[in-house]
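Numbering-wise (my numbering), the sequence shown opens with residue 17 and increments by one.
We treat Cβ as the ideally placed atom computed from N, Cα and C, and that holds for glycine.
Heads up, the thing below is written out as structure tokens.
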Amino acid sequence: MSFVSEESLAEHASRDSCWIIVHSKVYDVTEFLDEHPGGSKIILKYAGKDATEAYEPIHPPNAIQDNLPIEKHIGAIDPNTIVKVVKEVTEEDKRRQALMDARPPLDEILNLHDFEAVARAVLPAKAWAYYSSASDDEITIRENRAAFQRVWFRPRILRDVTSVDWSTTILGCKSSLPIYISATALGKLGHPDGELNLTRAAAKHGVIQMIPTLASCSFDEIVDAATPGQPLFLQLYVNRDREITKKYVQHAEKRGVKALFITVDAPQLGRREKDMRMKFVDDGAGAKVQENQKDVKKDQGVARAISSFIDPSLSWKDIPWFRSITNMHIILKGVATPEDAILAYEAGCQGIVLSNHGGRQLDTSRSGIENLVDIVAALKTRGPWPNPNFSIFVDGGVRRASDVLKAIALGASAVGVGRGFLYAFSSYGQEGVERAIEILRDEFEMNMRLLGARSINEIVPEMVDASALRSHAGLTPTDNLYNTTYQPLSLASFKTK
Ligand code: 173
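What follows is the structure, encoded as structure tokens:
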């Protein structure tokens, strides 16, 4: 096999003819330059060179192979002769490395907010902006926290709580906690091992991971990293080309995925302004989105740039089609009203996630925990409750086991945690995720004892007072840990000379 030579690479290192290397393969991207959602400038920086490092964290794994016409696949490169782009170490890199070296020891991390504080300090600005951002004025992301504070406990006493058990079954799969790891995109922005940090920690601790469609690692890499029989769910963004979605779904089922969580709250991505402001920061790793292009919108952040395949025409009419292509459980992720909860139930879905996408979609939409109350009441009018064939999940703003217990008391089967685990691996890798799980486990033990519930079944509606949940005003003690890690939005900055 002959490799593409260094000489020919050098000849194709300009706007007129631009070859780049990704994962030891050479691609001719000349005609694609002006179509690149991230702008041509960033690609040209790697003309004739290896772009893998910059490409990896912000592209779905097979983006190039799958989307570039085959005649543009030039060949392979001898891995030993790859022309590396020597990444200069910036002052910012040095500052972050110093913070990495000075991270609190893991055993001094006491709660999930601590991971968030460390992640905020050590992540590249672009990654932090992408992960932490929410839509518009970021009211909903903060409401997600505040809403849990409006639910108060009504603990029972003298119940012999010597042994307490917080394990449960989620969609037929055993779980050591009433929590699953919710899908979050682009894990490699946070850590070189990306989502595999979650897979490995989940395997060790009996937790279920929901694989994101837009993971940085490929679907198969993640499934391969799982232990035999480890339960996995899949989050699905539905492609405009249904054949692609069908193949993806059927492949997932073949590989043993147990449930399909179809995201239904993102026909278009929300405007996340922290992420969008990053287009003004060129750290050389792909953040600078759009400068001189007319055909791509100037205000895209990382997420919008890679989400154009998502089909906004998705509708209730598609649900029977999903049922016809898979036997996996079908769960709609992003339900926010009793009307839609009932439609999902009548459409034969096996469950719903009451979610506002971590506050990243419609701003000033209500929290999942608040919607839970209305939705359970509506479903009770349609048949026996709890219904073993229809599960309700909640996500958004979960930082404590007490948040989870409140959701369970109000009728949720389990709760999704996205950013909490994302920040754990962004700051400490797999060990961080393991520590996060241990912290939650300790919190479950303590809170269940104090609540007088010895098992998940004993967590009943009478154990909470949710009468203030609907009230969006009022005095509540400040959630200091959350407020300290929360980064306020910023306004446009003046030009500096
Ligand atoms: O919330 C998100 O950022 C998200 O779901 C997404 C969607 C498309 C591309 C990248 C991320």
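Provide the residue span of the alpha helix (DSSP H) that contains residue i, from first to last.
i      : result
Ile391 : 384–396
Lys511 : Per DSSP, Lys511 belongs to no alpha helix (DSSP H) and is neither H nor E.
Met226 : Where Met226 is concerned, there is no enclosing alpha helix (DSSP H), although the beta strand (DSSP E) it sits in stretches over 224–227.
Lys262 : 258–270
Phe235 : 235–241
Asp209 : Element bounds for Asp209: n/a, residue is neither H nor E.
Ser340 : 335–341
Lys290 : 289–293
Asp82  : 79–83
Quick check on the DSSP output: the beta strand (DSSP E) that includes residue i runs from which residue to which?
i      : result
Phe277 : 275–279
Lys65  : It is not in any beta strand (DSSP E) - Lys65 carries neither H nor E in the DSSP assignment.
Leu212 : Segment 212–221 is the alpha helix (DSSP H) holding Leu212; no beta strand (DSSP E) there.
Thr353 : Thr353 -> no beta strand (DSSP E), and no H or E assigned at all.
Tyr502 : Premise fails: Tyr502 is in no beta strand (DSSP E) and is neither H nor E.
Leu370 : 367–370
Phe409 : 407–411
Val2   : One cannot answer for residue 2 here, as it falls past the ends of the chain, which runs 17 to 513.
Val42  : 41–44
Ile186 : 184–186
Kindly indicate which three-state DSSP category residue i falls into: helix, strand or coil?
i      : result
Asn496 : helix
Asp379 : coil
Glu22  : helix
Phe249 : strand
Asp327 : coil
Leu49  : helix
Ile59  : helix
Leu359 : helix
Trp35  : strand
Ala201 : coil
Ile475 : coil
Ala319 : helix
Ile86  : helix
Ala489 : coil
Ile195 : strand
Ala29  : strand
Ile346 : strand
Asp299 : Low confidence applies here, because Asp299 scores a pLDDT of 41, under 50, leaving its location unreliable; read the following figure in that light. DSSP places Asp299 in coil when its eight states are reduced to three.
State the CB to CB distance for the pair residue i and residue j, rounded to an integer number of angstroms; the pair is presumed to be in contact (CB under 8 Å).
i      : j      : result
Asp411 : Gly434 : 6 Å
Val42  : Ile93  : 6 Å
Ala163 : Leu485 : 7 Å
Leu202 : Tyr146 : 7 Å
Ala67  : Met294 : The pair is not a contact, with the Cβ atoms about 19 Å apart (cut-off 8 Å).
Trp182 : Phe460 : 4 Å
Ile278 : Lys349 : 6 Å
Gly374 : Ala150 : 7 Å
Pro283 : Pro228 : Pro283 to Pro228, Cβ: 18 Å. No contact.
Arg175 : Gly468 : 4 Å
Met464 : Pro171 : About 10 Å separates the two Cβ atoms, so there is no contact after all.
Trp332 : Ala352 : About 15 Å separates the two Cβ atoms, so there is no contact after all.
Thr185 : Ser191 : 7 Å
Ile347 : Leu276 : 7 Å
Ile74  : Leu205 : 7 Å
Ile408 : Ile368 : 6 Å
Answer yes or no: the CB of residue i versus the heavy atoms of the ligand FMN, is any distance below 6 Å?
i      : result
Ser324 : As far as ligands go, the structure on display features the ligand 173 and does not contain the ligand FMN.
Inset, instruction - Determine contact between the region 211–225 and the region 447–459, defined as no fewer than three beta-carbon pairs at a distance below 8 Å. - result: Touching, yes, given that three or more Cβ pairs across the two stretches are closer than 8 Å.
Inset, instruction - Output the residue ranges of the alpha helix (DSSP H) runs that lie fully inside the region 413–469 and measure 4 residues or longer, sorted by chain position. - result: Under the rule that a run must span 4 or more residues, the alpha helix (DSSP H) segments found entirely inside the region 413–469 read 417–425, 435–467.
Legend entry - alpha helix (DSSP H) runs contained entirely in the region 89–168, provided each spans 4 or more residues: Runs of the alpha helix (DSSP H) inside the region 89–168: 107–117, 128–138, 141–148, 155–165.
Inset, instruction - Take every Cβ of the region 252–259, pair it with every Cβ of the region 322–341, and state whether three or more of those distances are shorter than 8 Å. - result: Result yes; three or more Cβ-Cβ pairs closer than 8 Å.
Inset, instruction - Mind the definition here: the region 158–175 touches the region 476–490 only if three or more C-beta pairs lie below 8 Å; say whether that holds. - result: With the cut-off at 8 Å, the region 158–175 and the region 476–490 touch.
Inset, instruction - Taking 8 Å as the threshold, find out whether the region 203–215 comes into contact with the region 420–432 through three or more Cβ pairs. - result: Under the Cβ criterion (8 Å, minimum of three pairs), the region 203–215 does not count as touching the region 420–432.
Legend entry - Contact between the region 53–63 and the region 104–121 (3+ Cβ pairs under 8 Å): As far as the Cβ criterion goes, the region 53–63 does not touch the region 104–121, which means the pair count is below three.
Inset, instruction - Would you be able to state if there are at least three C-beta pairs under 8 Å between the region 355–367 and the region 382–400? - result: Because the criterion of three Cβ pairs below 8 Å is met, the region 382–400 and the region 355–367 touch.
Inset, instruction - Report yes or no: do three or more beta-carbon pairs, one from the region 153–161 and one from the region 498–510, lie closer than 8 Å? - result: The region 153–161 vs the region 498–510: in contact.
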